[in-house]
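J.: Could you have a look at this structure, given as structure tokens, before my questions?
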Amino acid sequence: MQQRWLSAKTPFSLLHSTLLSALLLLGGCAIPVVKKSTTLSLPTAATPLNNVSYSSVIALPYEDRSIKLAYNSTPLQFGQLYLPVDKATNSLKSAAGIPLVIFIHGGCWLNAYDISHSNAFSQAISAEGYAVWSLEYRRTGDEGGGWPGSLTDIKQGIAFAQASLPQYGVDTSRIVISGHSAGGQLALLAGSQIKGAGIVGVIGLAAITDMPTYASGSNSCQSATAQFMGGAYSDLAQQYQQASPNQQLMHPATLLLQGSNDNIVPPSQASQSGIPYKMVENAGHFDWIHPQTTAYKQFVISLQELLPL
């Protein structure tokens, strides 16, 4: 596994072509707990997996005990709060002081890909001992979604968490923001703009960091960039720069995790970003949100370094 910890731009103090099909492309008031259930635990792979498909991610079993909370007034402005389960009582932990992971799902910023594909991932992270606030948000194709509305939603969702989640035992002085793919771009930007307020680090998983370069590619997700931005780079150069994490001053404890076999977000989005990164050999794009992979294990290690239990 290659790694780079130093950046001239940002200190780090802690620590295909078109996809085969759309299936492979990602590819405050309380609402009652979701009751969808398949199984309590994930099967354990004999050896960690690499380069998993999107279809294998959405096929993962999970029991969703999340608490759905609205952070604003439109139907898509909500989050799902996952709390760790007390194994002795098989009930949600109620003790105070649980550190929080705020997670933003990916999906090329498109409204065709919603929060549901990350449910098993969020459950798995909560099983590690963390509270998880998984955010849904308006995306390309939704009224108010796209740039900059999607980022505005994310920042509102984070502010809601800081104000309202302590009542669930969450320690909002210990927060890591993380996001996958297009969600990683939003996580990095949010982490750069929200000062202090308990954010101890930001982790981008196969995150898009350079919007003009990404938009110049030809795979399906890259082609969706102009839709998200509302036009081509040649017409909206300033907006593209504002939407590019590599052009912003990152949170001082920002880390990119990238797979060398990613054919949706090229590894150069990490290695040429000027942001500290780790490269996981043989890892593909969806490995980060599949709890049986080498990449997922690396994410947990990095999370524990930033946010010890």
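So in our numbering the end of the sequence shown lands on 409, straight run, no missing numbers. Note that the Cβ used here is the ideal one computed from N, Cα and C, for glycine as well. Just so you know, these numbers come straight off a predicted model, no measurement behind them.
If contact is defined by three or more beta carbon pairs under 8 Å, each pair taking one atom from either stretch, is the stretch 207-219 in contact with the stretch 277-286?
T.: yes
J.: Could you name each continuous alpha helix (DSSP H) segment of 4 residues or more that falls completely within the stretch 193-242, going from the start of the chain to the end?
T.: 219-227
J.: Looking only at its own chain, which residues have a Cβ that is under 7 Å from the Cβ of isoleucine 225, when we skip the five neighbours before and after it?
T.: Indexing the sequence shown from 1 puts residue 225 at position 125. Same-chain partners within the cutoff: Val201, Val232.
J.: How about histidine 410 and glycine 291: are their beta carbons less than 8 Å apart?
T.: One cannot answer for residue 410 here, as it falls past the ends of the chain, which runs 101 to 409.
J.: Please work out which residues of its chain come closer than 8 Å, Cβ to Cβ, to serine 121, disregarding the five sequence neighbours upstream and downstream, and give them in chain order.
T.: Here residue 121 refers to the residue found at position 21 of the sequence shown. With a pLDDT of only 35 at serine 121, under 50, the local geometry of the prediction cannot be trusted, and no value is derived from it.
J.: Going by DSSP, name the residue or residues bridged to methionine 311.
T.: Stepping through the sequence shown from its first residue, residue 311 is reached at position 211. Answer by DSSP bridge pairing: none, since methionine 311 is not bridged.
J.: Assuming alanine 306 contacts tryptophan 388 under a Cβ cut-off of 8 Å, what Cβ separation, rounded to an integer in Å, is found between them?
T.: Position 206 of the sequence shown, counting from 1, holds the residue named residue 306. Position 288 of the sequence shown, counting from 1, holds the residue named residue 388. Sure, about 6 Å apart at Cβ, within 8 Å.
J.: Enumerate, from N- to C-terminal direction, the unbroken beta strand (DSSP E) stretches of 3 or more residues contained entirely within the stretch 266-304.
T.: Fully enclosed beta strand (DSSP E) runs of 3 or longer: 270-280.
J.: So, are the CB atoms of alanine 441 and threonine 240 less than 8 Å apart?
T.: Nothing about residue 441 can be read from this structure; the chain reaches only from 101 to 409.
J.: Among the candidates Gln180, Asn150, Tyr154, Arg274, whose CA atom is the shortest distance from the CA of alanine 70?
T.: The first residue shown for the chain is 101 and the last is 409, placing residue 70 beyond what the model contains.
J.: What's the gap between the Cα of histidine 280 and the Cα of alanine 383?
T.: For the purposes of this step, residue 280 is identified with residue 180 of the sequence shown, where counting begins at 1. For the purposes of this step, residue 383 is identified with residue 283 of the sequence shown, where counting begins at 1. Cα to Cα, the separation comes out at about 14 Å.
J.: Taking the alpha carbon of tyrosine 154 as the reference point, which residue from Leu406, Glu405, Pro391 has its own alpha carbon closest?
T.: To locate residue 154, count along the sequence shown from 1; it is residue 54. Checking every option, the nearest Cα to that of tyrosine 154 belongs to Pro391.
J.: Counting only the same chain and skipping the five closest in sequence on each side, list residues whose C-beta sits under 7 Å from that of threonine 272.
T.: As a first step, residue 272 is located in the sequence shown; it is residue number 172 there, counting from the start. Cβ within range, chain order: Leu200, Ala261, Gln262, Leu265, Pro266, Gly298.
J.: Measure the Cβ-Cβ separation of proline 366 and tyrosine 340 and say whether it is below 8 Å.
T.: Mapped onto the sequence shown, residue 366 falls at position 266. Mapped onto the sequence shown, residue 340 falls at position 240. Not a contact, by the Cβ cut-off of 8 Å.
J.: Please state whether the Cβ-Cβ distance between leucine 406 and valine 276 is less than 8 Å.
T.: One-based indexing of the sequence shown puts residue 406 at position 306. One-based indexing of the sequence shown puts residue 276 at position 176. In contact: leucine 406 and valine 276 (Cβ atoms closer than 8 Å).
J.: What would DSSP say about tyrosine 340, mapped onto helix, strand or coil?
T.: What you label residue 340 is simply residue 240 of the sequence shown in a count that begins at 1. Helix at tyrosine 340.
J.: Quick one: grab the DSSP three-state call for glycine 257.
T.: Against the sequence shown, residue 257 aligns to sequence position 157. Helix at glycine 257.
J.: Buried or exposed: which applies to glutamine 180, given that a residue is buried once 16 or more other Cβ atoms fall within 10 Å of its Cβ?
T.: Position 80 of the sequence shown, counted from the start, is the residue given in the question as residue 180. A residue is called buried once 16 or more other Cβ atoms fall within 10 Å of its Cβ, and glutamine 180 is buried on that count.
J.: Can you list, in chain order, the residues of its chain whose CB lies under 8 Å from that of glycine 330, leaving out five sequence neighbours each side?
T.: Here residue 330 refers to the residue found at position 230 of the sequence shown. Answer for glycine 330: Gly246, Trp247, Leu336, Gln339, listed in chain order.
J.: What's the call for lysine 295, buried or exposed, on a 16-neighbour Cβ count within 10 Å?
T.: As a first step, residue 295 is located in the sequence shown; it is residue number 195 there, counting from the start. Burial call: exposed.
J.: Apart from the five residues just before and just after proline 408, which ones in its own chain have a Cβ nearer than 6 Å to its Cβ?
T.: Here residue 408 is taken as the residue at index 308 of the sequence shown, counted from 1. Nothing meets the Cβ criterion.
J.: Do phenylalanine 203 and serine 216 have their C-beta atoms closer together than 8 Å?
T.: Position 103 of the sequence shown holds residue 203. Position 116 of the sequence shown holds residue 216. Against a cut-off of 8 Å, the Cβ pair of serine 216 and phenylalanine 203 comes out as no contact.
J.: Can you name the start and end residues of the beta strand (DSSP E) that threonine 354 belongs to?
T.: The residue labelled residue 354 in the question sits at position 254 within the sequence shown. First-last of the beta strand (DSSP E) with threonine 354: 354-359.
J.: Pop quiz: aspartate 310 and serine 344 are said to be a contact at Cβ under 8 Å. What is the actual Cβ separation, rounded to whole angstroms?
T.: In the sequence shown, the residue the question calls residue 310 occupies position 210. In the sequence shown, the residue the question calls residue 344 occupies position 244. Confirmed, Cβ separation roughly 5 Å.
J.: If you check the beta carbons only, do leucine 403 and isoleucine 258 fall under 8 Å apart?
T.: Taking the first residue of the sequence shown as position 1, residue 403 is located at position 303. Taking the first residue of the sequence shown as position 1, residue 258 is located at position 158. No. Outside cutoff.
J.: For tyrosine 182, list the residues DSSP reports as bridge partners.
T.: For the purposes of this step, residue 182 is taken as residue 82 along the sequence shown, with counting starting at 1. Tyrosine 182 is bridged to Val232.
J.: Compute the distance between the beta-carbons of proline 148 and threonine 394, then report whether it is under 8 Å.
T.: Working through the sequence shown from its first residue, we reach residue 148 at position 48. Working through the sequence shown from its first residue, we reach residue 394 at position 294. Yes, they are a contact pair.
J.: Mapping DSSP to helix, strand and coil, what is threonine 138?
T.: Numbered from 1 along the sequence shown, position 38 holds the residue referred to as residue 138. At threonine 138, the pLDDT of 32 sits below 50, so the modelled position is not reliable; the number obtained from the coordinates is stated separately. Three-state result, threonine 138: coil.
J.: Between the C-alpha atoms of valine 400 and valine 185, what's the straight-line distance to the nearest angstrom?
T.: Taking the first residue of the sequence shown as position 1, residue 400 is located at position 300. Taking the first residue of the sequence shown as position 1, residue 185 is located at position 85. Whole-angstrom Cα-Cα distance: 18 Å.
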